[in-house]
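Protein chains in written order, with the numbering used here: chain A, 1 to 114; chain B, 1 to 884.
By construction, the Cβ of each residue, glycine as well, lies at the ideal position given by its N, Cα and C atoms.
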Amino acid sequence: MRKKPVQTDILQGTLDMLILQILAPGAAHGHTIAYAIERRSEEVLLVEHGSLYPALHRLEDRGWIASFWGTSENNRKARYYRLTAAGRKQLSAEMSRWERVVRAVNRVMRPAKE
Amino acid sequence: MSWRRYIKRRWWDDERAREIAAYLENETADNIARGMPPAEAAAAARRKFGNPTRVREEIYRMNTIGWLESTWQDLRYGARTLRMSPGFGAVALVSLALGIGANTAIFQLLDAVRLRSLPVRNPQELAEVKIAGGNHGMGMNQQYGELTRPIWQAIRGKPQSFSEMFAWSANQRYVGQGSEMRSFRGLWVTGDFFRVLGIQPWRGRLLMPEDEGACPVTHAVVSYAYWQSHLAGREPGPGMKLVVNNDPVEIVGVAPPRFFGMAVGETFDIALPFCQPKEELSRDVFEVSVMGRLKPGRTLPRASAEMQALSLGIFEATIPPGRDPRSTETYKHFRLGVYPAAQGVSGIRETYDSSLWLLLGITGLVLLIACANLANLMLARASTRARELAVRLALGASRARLVRQLLAESALLAAAGAALGIALAHSLAGVLVWAISTEGSSVNLNTAMDWRVLLFAAGVAILTCGAFGVLPALRAAQAQPAAAMKAGGRGMTAGRERFSLQRAMVVTQVSVSLVLLVGALLFVRSFRNLMTFDPGMRESGITTGFLGFWQSNLPPQRWLEFKRELLDEIRATPGVLNAATTSNAPLLGASWEHGVRAGSAEGDAKFTWVSPGYFDTMGIPVVRGRGFNENDTAASTRVAIVNQTFVRRFLGGANPIGQTFRGMQEGDYPTTLYQIAGVIPDTQYNDLRGKTPPMTFEPASQLGPAPWTGLMIHSNVPPAAISATIKRRLAARHPDVIVELSDFQKDIRDQLTPERLMAMLSGSFGVLAAVLAMAGLYGVISFIVARRRNEIGIRLALGAERGQVVAMVMREAGRLLAIGIAAGAGLSLVAGRGARSLLFGLKPYDPLTLVAAAMLLGAIATAASFLPARRASRLDPMAALRDE
Numbered sequence: 001m002r003k004k005p006v007q008t009d010i011l012q013g014t015l016d017m018l019i020l021q022i023l024a025p026g027a028a029h030g031h032t033i034a035y036a037i038e039r040r041s042e043e044v045l046l047v048e049h050g051s052l053y054p055a056l057h058r059l060e061d062r063g064w065i066a067s068f069w070g071t072s073e074n075n076r077k078a079r080y081y082r083l084t085a086a087g088r089k090q091l092s093a094e095m096s097r098w099e100r101v102v103r104a105v106n107r108v109m110r111p112a113k114e
Numbered sequence: 001m002s003w004r005r006y007i008k009r010r011w012w013d014d015e016r017a018r019e020i021a022a023y024l025e026n027e028t029a030d031n032i033a034r035g036m037p038p039a040e041a042a043a044a045a046r047r048k049f050g051n052p053t054r055v056r057e058e059i060y061r062m063n064t065i066g067w068l069e070s071t072w073q074d075l076r077y078g079a080r081t082l083r084m085s086p087g088f089g090a091v092a093l094v095s096l097a098l099g100i101g102a103n104t105a106i107f108q109l110l111d112a113v114r115l116r117s118l119p120v121r122n123p124q125e126l127a128e129v130k131i132a133g134g135n136h137g138m139g140m141n142q143q144y145g146e147l148t149r150p151i152w153q154a155i156r157g158k159p160q161s162f163s164e165m166f167a168w169s170a171n172q173r174y175v176g177q178g179s180e181m182r183s184f185r186g187l188w189v190t191g192d193f194f195r196v197l198g199i200q201p202w203r204g205r206l207l208m209p210e211d212e213g214a215c216p217v218t219h220a221v222v223s224y225a226y227w228q229s230h231l232a233g234r235e236p237g238p239g240m241k242l243v244v245n246n247d248p249v250e251i252v253g254v255a256p257p258r259f260f261g262m263a264v265g266e267t268f269d270i271a272l273p274f275c276q277p278k279e280e281l282s283r284d285v286f287e288v289s290v291m292g293r294l295k296p297g298r299t300l301p302r303a304s305a306e307m308q309a310l311s312l313g314i315f316e317a318t319i320p321p322g323r324d325p326r327s328t329e330t331y332k333h334f335r336l337g338v339y340p341a342a343q344g345v346s347g348i349r350e351t352y353d354s355s356l357w358l359l360l361g362i363t364g365l366v367l368l369i370a371c372a373n374l375a376n377l378m379l380a381r382a383s384t385r386a387r388e389l390a391v392r393l394a395l396g397a398s399r400a401r402l403v404r405q406l407l408a409e410s411a412l413l414a415a416a417g418a419a420l421g422i423a424l425a426h427s428l429a430g431v432l433v434w435a436i437s438t439e440g441s442s443v444n445l446n447t448a449m450d451w452r453v454l455l456f457a458a459g460v461a462i463l464t465c466g467a468f469g470v471l472p473a474l475r476a477a478q479a480q481p482a483a484a485m486k487a488g489g490r491g492m493t494a495g496r497e498r499f500s501l502q503r504a505m506v507v508t509q510v511s512v513s514l515v516l517l518v519g520a521l522l523f524v525r526s527f528r529n530l531m532t533f534d535p536g537m538r539e540s541g542i543t544t545g546f547l548g549f550w551q552s553n554l555p556p557q558r559w560l561e562f563k564r565e566l567l568d569e570i571r572a573t574p575g576v577l578n579a580a581t582t583s584n585a586p587l588l589g590a591s592w593e594h595g596v597r598a599g600s601a602e603g604d605a606k607f608t609w610v611s612p613g614y615f616d617t618m619g620i621p622v623v624r625g626r627g628f629n630e631n632d633t634a635a636s637t638r639v640a641i642v643n644q645t646f647v648r649r650f651l652g653g654a655n656p657i658g659q660t661f662r663g664m665q666e667g668d669y670p671t672t673l674y675q676i677a678g679v680i681p682d683t684q685y686n687d688l689r690g691k692t693p694p695m696t697f698e699p700a701s702q703l704g705p706a707p708w709t710g711l712m713i714h715s716n717v718p719p720a721a722i723s724a725t726i727k728r729r730l731a732a733r734h735p736d737v738i739v740e741l742s743d744f745q746k747d748i749r750d751q752l753t754p755e756r757l758m759a760m761l762s763g764s765f766g767v768l769a770a771v772l773a774m775a776g777l778y779g780v781i782s783f784i785v786a787r788r789r790n791e792i793g794i795r796l797a798l799g800a801e802r803g804q805v806v807a808m809v810m811r812e813a814g815r816l817l818a819i820g821i822a823a824g825a826g827l828s829l830v831a832g833r834g835a836r837s838l839l840f841g842l843k844p845y846d847p848l849t850l851v852a853a854a855m856l857l858g859a860i861a862t863a864a865s866f867l868p869a870r871r872a873s874r875l876d877p878m879a880a881l882r883d884e
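So, in structure tokens, the structure goes:
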């Protein structure tokens with residue numbers, strides 16, 4: 001197993017954004033979300049899958065996502081999450097903020113290329 | 001952090017647990033699908049997930065409101081520790097419930113008589129018009145009567161700062177006919193009285209402006225209570241008639257149950273409209289109270305100023321006739337003012353106000369003593385729990401958290417004590433109302449809980465909690481863990497300063513309970529003084545009464561003779577030793593005064609019109625000259641018997657017999673020359689207290705005709721029995737005569753109800769305070785002895801006598817007691833000033849009382865500390881040392 005240390009303080013803000021982004025196309029359950037993050041980050045952002053759940057709880061409490069019990073692809077009960085309207089707004093806000101930060105960091109880190 | 005989540009956190013926890021389980025199932029299934037054996041698949045899933053318990057804990061914490069959670073923990077912990085020592089809990093709870101209950105009960109009464117507004121619409125708008133500074137006793141004055149009806153009519157016609165006005169007056173009158181006649185509490189009102197106050201009828205209709213007209217009155221309204229008790233709750237209307245003062249009156253409606261009139265503590269039976277008699281209204285009778293609603297935005301000062309500007313015109317238009325120029329001038333210069341009236345008027349308020357505030361102070365002090373006791377118990381507990389606290393500190397608990405935990409315990413006790421106290425207060429207040437009610441006048445007070453009472457109880461509880469909880473908690477949390485765990489109650493004598501707080505508490509308790517004992521003794525002695533005070537006349541075996549025969553249609557020239565016949569019949573009743581008529585009974589508050597002039601001396605004197613047997617009946621000797629006899633008639637020389645104060649005041653001590661004085665003209669009473677026929681010693685006049693005024697007695701036969709008279713009867717059978725006999729005999733022969741009789745001595749004592757209340761309550765609180773202080777001293781001395789067990793054991797082992805040990809402990813207690821008593825004596829002198837006006841025949845700094853209270857307290861305290869001292873001296877030194 002590759003283990004890249006992922007700093008929690010980066011995750012703190014971004015994990016929420018990642019979850020929202022993954023839910024943008026449609027509802028998914030915790031298991032799917034965890035694997036989606038792993039897969040899409042090419043296994044760089046490798047988190048303990050358990051730590052996803054407090055984040056989901058927090059997002060749901062803020063009203064950005066809503067949940068319901070459903071049946072998964074392989075016919076198992078699972079709790080599904082979907083974006084709410086507020087969540088969609090939050091996602092776009094977070095994305096633009098993220099892009100600003102990335103651009104700023106890049107400018108600092110690679111001034112020669114400018 | 002949303003509250004909803006906090007409340008639903010259990011549900012959320014379950015929900016998340018199920019979700020986590022679903023994840024693990026999913027992952028395990030996937031792993032199996034990837035080809036892992038089932039056991040390994042489950043383990044791999046758990047690894048992938050991490051620690052499910054930690055995840056659940058994290059979510060649970062997110063759902064938690066920090067301070068609330070820890071407070072709840074503190075409270076539960078407090079409840080547990082209290083349950084572990086039920087004895088302490090019970091003692092604490094009972095003393096708090098008693099203390100808070102007594103305080104709340106007194107406050108409830110104060111609230112009812114002083115703070116509560118009348119149960120009418122917008123009571124805060126009400127204001128009353130009165131003569132600024134009063135009317136100087138001019139004319140006849142009725143209770144709550146501030147103005148005469150002519151003054152009211154003059155005010156009514158003037159432009160006002162009031163949007164609406166009304167007048168009312170309360171008076172006892174008679175309802176029914178013949179021997180069925182009964183007195184009732186009448187409320188006379190202007191026609192729009194009920195409308196202005198916003199009172200809605202319970203049945204029928206209330207009085208309206210049309211009901212106010214020429215006499216006699218034809219319509220009336222009854223109170224709910226009277227309707228229930230006397231009219232059987234029947235529907236009011238044309239069929240319901242009462243005979244009021246000989247005139248038939250139709251009862252048109254019933255007032256709602258909560259409306260009691262304008263006088264707090266009293267009720268009315270029948271409300272009647274004012275009526276205009278054929279003759280002119282008397283300008284001498286101050287019988288009405290004038291009230292109204294201020295126009296919006298009018299302040300009291302502005303309304304007062306406006307009313308003052310109208311005063312001259314009003315008073316000049318209503319000058320009472322036949323007065324001397326001096327008092328006419330005084331009358332013309334009266335000024336009207338406007339005063340707040342949201343709380344109505346109240347005789348009870350005036351009578352009990354200072355007593356109640358004083359009692360509130362007393363119960364406050366009792367609670368303080370109880371708090372000191374509890375604080376001591378808490379301190380003692382804290383020192384036995386020192387180890388536990390030290391361990392907690394050592395394990396990293398913050399001091400603030402420890403203080404909070406200890407305070408939670410106090411808060412629990414205070415809250416429970418307050419809850420019990422409020423329940424107790426309700427019954428106590430009921431008992432108090434009962435205690436101030438007398439047969440003649442029952443007190444009707446609304447002592448229902450209101451926000452003020454609840455706020456007061458809560459405030460008292462918080463203060464209490466602070467008083468007994470904060471210091472011990474702070475002290476306990478200051479423990480040095482290392483030292484506490486090392487010492488741990490082993491071996492050494494505890495340092496003196498460790499007990500300094502307990503000592504201070506005991507000194508406080510002793511001094512405060514001395515103050516309360518001094519107060520109790522003062523009030524009990526004052527009451528005893530009043531009860532045994534000799535007013536200079538016979539009290540026991542006397543029946544006082546009233547005869548009225550205005551319904552008998554006798555011509556006025558027969559009245560005097562008829563009175564004599566009635567008196568003779570009473571005197572002929574078996575058991576009656578003597579009887580006499582009088583215009584007013586002594587010692588019961590009635591007063592009759594005229595201006596007099598003897599030579600150059602001028603002033604006021606009391607007048608009483610009595611029949612010849614009066615002085616014999618009342619056991620008052622005539623020391624010079626003669627008493628009245630049958631030769632003093634309407635036609636003979638006007639004579640008077642005066643008291644010694646009169647002789648000193650008006651005659652300069654010269655031989656008074658045969659001298660004359662002149663009664664000044666006033667209203668219906670023309671100026672008259674009286675010749676002094678006899679002298680009696682000084683007696684009290686209309687009150688047990690107070691100095692004897694100049695008094696004169698005149699023959700009843702020389703008073704103008706009146707169809708009524710007062711009575712004094714001396715009998716050798718109890719007043720209750722003789723009253724029944726006389727009433728029966730008179731009712732048989734003269735059904736038209738109203739006969740009211742009562743026990744003179746009982747009536748006098750009923751007037752001492754405020755003093756009796758003070759004596760009773762301050763006495764019980766004094767005893768309670770002494771008991772609490774004793775318990776406190778006992779506890780602290782026991783505690784100190786227990787902590788010094790080893791030291792005392794060593795002393796005994798080294799050969800100390802048991803007597804020496806007792807003396808050592810007693811010296812300790814004696815020092816505390818001495819400081820406490822010295823401080824208490826000083827405090828009593830200061831506090832005594834507040835009680836000055838309530839004492840009779842005593843000074844507030846009565847040395848005898850102070851010494852007696854100090855000795856009493858000293859004796860009790862010595863007994864309380866002797867027990868632990870003796871226990872200390874009985875220690876088995878070996879056992880004490882082996883305990884190590």
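- Unbroken alpha helix (DSSP H) runs of no fewer than 4 residues, entirely contained in the segment 130 to 157 of chain B, are found at 149 to 156, following chain order.
- With three or more CB-CB distances shorter than 8 Å, the segment 749 to 762 of chain B counts as touching the segment 428 to 440 of chain B.
- Beyond the five residues adjoining it in sequence on each side, Leu407 (chain B) comes within less than 6 Å, by CB distance, of Gly469, Ala473 in the same chain, given in chain order.
- Residues of the same chain with a CB within less than 6 Å of the CB of Gln276 (chain B), apart from the 5 flanking positions on each side, are Ala214 in chain order.
- Counting along the chain, Glu99 (chain A) sits inside the alpha helix (DSSP H) bounded by residues 85 to 109.
- Under a criterion of Cβ atoms nearer than 8 Å, the residues of chain B adjacent to Gly50 (chain A) are, in order, Ile20, Phe49, Gly50, Asn51, Pro52, Arg54, Val55.
- Under the Cβ distance rule, Met62 (chain B) counts among the residues neighbouring chain A, one pair being separated by less than 9 Å.
- Under the rule that a run must span 3 or more residues, the beta strand (DSSP E) segments found entirely inside the segment 62 to 134 of chain B read 126 to 131.
- Within chain B, the residues placing a beta-carbon under 8 Å from that of Ser72 (chain A) are Asn26, ordered along the chain.
- Taking the Cα positions, Glu235 (chain B) is about 10 Å away from Trp227 (chain B).
- The segment 265 to 317 of chain B contains, as complete alpha helix (DSSP H) runs of 4+ residues, the segments 300 to 316 (chain order).
- Not one beta carbon of chain B lies nearer than 9 Å to the beta carbon of Pro111 (chain A).
- In the three-state scheme derived from DSSP, where H, G and I count as helix and E and B as strand, Leu368 (chain B) is classed as helix.
- Shown here for Ala34 (chain A): same chain residues with a beta carbon closer than 8 Å to its own, the five before and five after excluded, namely Val47, His49, Leu52 in chain order.
- Residue state for Leu356 (chain B) is assigned as helix, using DSSP reduced to three classes.
- Put simply, the CB of Arg100 (chain A) is far from chain B, with every gap to its CB atoms at 9 Å or more.
- For the segment 19 to 32 of chain A, residues whose beta-carbon sits nearer than 7 Å to a beta-carbon of chain B comprise Gly30, His31.
- For Asp743 (chain B), the three-state secondary structure derived from DSSP is strand.
- Contact check for Ser67 (chain A) against Glu73 (chain A) fails: the beta carbons are separated by 9 Å or more.
- Taking 9 Å as the CB threshold, Asp16 (chain A) stays off the interface with chain B.
- Annotation for Ala112 (chain B): Leu445, Asn446, Thr447 place their beta carbon closer than 7 Å to its own, counting only its chain and skipping 5 residues before and after.
- Out of B:Val809, B:Ile821, B:Met774, the CA that lies nearest to the CA of Ala861 (chain B) is found in B:Met774.
- Restricted to the segment 537 to 620 of chain B, the alpha helix (DSSP H) segments that are unbroken, complete and at least 4 residues in length are 556 to 571, 614 to 618, listed in chain order.
- One alpha carbon belongs to Phe744 (chain B), the other to Lys241 (chain B), and they sit about 35 Å apart.
- Not a single CB atom of chain A sits nearer than 9 Å to the CB of Glu40 (chain B).
- Around the beta carbon of Asn75 (chain A), fewer than 16 other beta carbons sit within 10 angstroms, so the residue counts as exposed.
- Interface residue (Cβ-Cβ distance to chain B less than 9 Å): Arg58 (chain A) is classified as such.
- Counting only Cβ-Cβ distances below 9 Å, Ala477 (chain B) has no contacts in chain A at all, with the closest Cβ about 35 Å away.
- With respect to chain B, the C-beta atom of Ala78 (chain A) has a partner C-beta closer than 9 Å.
- Here the segment 552 to 563 of chain B makes no contact with the segment 714 to 731 of chain B; the two share fewer than three CB pairs at distances below 8 Å.
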